[in-house]
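*Asks:* For the sequence shown, my numbering gives the first residue as 1, with consecutive numbering after it. Handing you a structure now.
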Amino acid sequence: MDTRTPLIAGNWKMFKTPREAARDAAALAKLVQGVEGVDVMIAPTFVCLAPVAQALEGSSIALGGQNLHWEKEGAFTGEISAPMLKAVGCSHVIIGHSERRQYFGETDQTVNQKIRAALDVGLKAVLCVGETEEERDQEKTLNVLDKQLKGGLKDISFSSGDDTLVVAYEPVWAIGTGKTATDEQAQEAHAYIRQVLAVLLGKELAKSTRILYGGSVKPANIAQLMSKPDIDGGLVGGASLDPETFSQIVRFQ
Ligand code: 13P
C-alpha cells in the first residue's frame with residue numbers, strides 16, 4: 001500500500017559496547033545518507049542509547065529502546081521507563097519481543113501495560129508477535145497471533161492517521177536460525193494480522209499500520225519479502241549488527 005512508508009529496523013539485542021555502538025551507528029548514518037522512501041530505526045542496548053543518540057545527530061535514523069517498564073519511575077531495580085527512553089532520544093520502543101516472552105516472563109498483559117506507557121509519552125510502540133515452531137506445526141499460528149494482538153492491544157485506542165503502532169511478525173522458529181519464513185508464509189500471517197487490527201482498531205488504522213517481518217532477514221531475501229502487499233518492512237537482528245550489511249537491507253529497493 002503506497003501510504004505506508006517502509007520501515008527497516010535493527011534490533012541490536014545484547015551486542016556491542018557503547019564505543020562500538022556509537023562507531024557503528026555513525027558508520028550506518030553515512031551509509032544510508034540520502035536514501036529516500038524508507039524509514040530506518042536502530043535499537044541498541046540501554047547503555048548504548050546516549051552515545052548512539054549522539055552519533056546519530058543530524059541523521060534521519062530513529063532510535064529505539066528494546067524494552068521498558070510501564071511505571072514512570074519507582075523502586076524497580078534494573079528497569080528503565082518510557083520517559084527515560086524519551087529523554088535519551090528514543091522515538092520508538094520494541095515491546096514483547098519473543099526473547100522477552102520466552103526468557104523474561106513477558107505476558108500479553110505486561111505487553112499491554114508497556115504499550116500504554118510508551119504511548120503516554122509519545123513513543124512509537126513496535127509490538128512483536130509470532131508463533132513457535134511447535135505452534136506452527138500444530139496449525140495454531142493464527143490463534144497465537146490473534147491472542148497476542150488482542151491481549152497486547154486490549155482497550156487501547158489510537159487516533160486515526162496515527163503511526164504510533166508498528167507490529168512486527170517474528171515467527172520464533174525463524175529468529176537467529178537462518179530459516180526465513182517464505183514470503184508466502186509471511187504474507188499470510190501479515191494479512192491475518194491486518195485483518196485482526198481492522199477489528200481491534202478500525203479499517204483505517206489497520207490500513208495505515210506498518211507490519212514488519214522479522215526472522216533471519218538478510219540482504220538476499222529482503223526484496224522478495226518486501227514485494228508482498230502486507231509486508232511493510234523488516235525487524236532485523238543478526239544482519240543489523242554490521243553497518244554495511246544492514247545498509248544493504250535498507251537499500252532493498
Ligand atoms: P534475526 O534477524 O537474527 O533472526 O533476529 C530477528 C529478531 O529477533 C529481530 O527482533
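Note that the Cβ used here is the ideal one computed from N, Cα and C, for glycine as well. This structure is a prediction, so every number in the text was calculated from the model and none was measured.
Please find out if some non-hydrogen atom of the ligand 13P comes closer than 6 Å to the beta-carbon of Val236.
*Replies:* Val236: yes, Cβ under 6 Å from the ligand 13P.
*Asks:* Cβ-heavy atom distance between Ile175 and the ligand 13P below 6 Å?
*Replies:* Yes; taking the cut-off as 6 Å, the Cβ of Ile175 has a heavy atom of the ligand 13P nearer than that.
*Asks:* When the Cα atoms are used, what is the spatial distance from Asp137 to Ala181?
*Replies:* The straight-line gap from Cα to Cα measures roughly 13 Å.
*Asks:* What residue does the beta strand (DSSP E) around Met41 start on, and which one ends it?
*Replies:* Run containing Met41: Asp39 to Ala43, per the beta strand (DSSP E) assignment.
*Asks:* On the three-state DSSP scale, how would you describe Cys48?
*Replies:* Here Cys48 sits in helix by DSSP.
*Asks:* Could you tell me if Ala25 is buried or exposed, where buried requires 16 or more neighbouring beta carbons within 10 angstroms of its beta carbon?
*Replies:* Under this definition Ala25 is a buried residue.
*Asks:* Can you tell me whether Asn221 sits near the ligand PLP, meaning its C-beta is under 6 Å from at least one heavy atom of the ligand?
*Replies:* Because the ligand PLP does not appear in the structure shown, any question about it cannot be addressed here, the ligands present being the ligand 13P.
*Asks:* Would you grab the beta carbon distance between Arg210 and Arg4 for me? Rounded to a whole angstrom, and I think it's under 8 Å.
*Replies:* Right, their Cβ atoms sit about 5 Å apart.
*Asks:* In chain order, which alpha helix (DSSP H) runs of at least 4 residues are fully inside the stretch 68-108?
*Replies:* Here the runs fully enclosed are 82-87 and 98-103.
*Asks:* Would the stretch 227-241 count as touching the stretch 195-205 if we require 3 or more Cβ pairs under 8 Å?
*Replies:* No, the stretch 227-241 is not in contact with the stretch 195-205.
*Asks:* Any idea if Asp242 is buried or exposed, counting beta-carbon neighbours within 10 angstroms, 16 or more meaning buried?
*Replies:* Answer is exposed; the Cβ neighbour count stays below 16.
*Asks:* Taking its Cβ as the centre, do 16 or more other Cβ atoms sit within 10 Å of Phe246, making it buried, or is it exposed?
*Replies:* It counts as buried.
*Asks:* Assess contact between the stretch 117-127 and the stretch 162-180, defined as three or more Cβ pairs (one per stretch) separated by less than 8 Å. Is contact present?
*Replies:* Output reads yes: the stretch 162-180 touches the stretch 117-127.
*Asks:* If I follow the unbroken alpha helix (DSSP H) through Val32, where does it start and stop?
*Replies:* Here the alpha helix (DSSP H) through Val32 covers Pro18 to Val32.
*Asks:* Distance, Cα to Cα, Gly233 vs Asp39?
*Replies:* Approximately 9 Å, taken between the alpha carbons.
*Asks:* Among residues of its own chain, excluding the 5 on either side of Gly65, which ones have a beta-carbon nearer than 6 Å to its beta-carbon?
*Replies:* Taken in chain order, the residues that qualify are Leu85, Cys90 and Val93.
*Asks:* Quick one: what's got a C-beta closer than 6 Å to Lys207's C-beta in the same chain, skipping five residues either side?
*Replies:* There are no such residues.
*Asks:* Among Val217, Tyr192, Asp108 and Ala53, which has the Cα closest to the Cα of Leu28?
*Replies:* Checking every option, the nearest Cα to that of Leu28 belongs to Ala53.
*Asks:* Say the cut is 6 Å; is the CB of Gly215 nearer than that to a heavy atom of the ligand 13P?
*Replies:* Because some heavy atom of the ligand 13P lies under 6 Å away, the Cβ of Gly215 counts as near it: yes.
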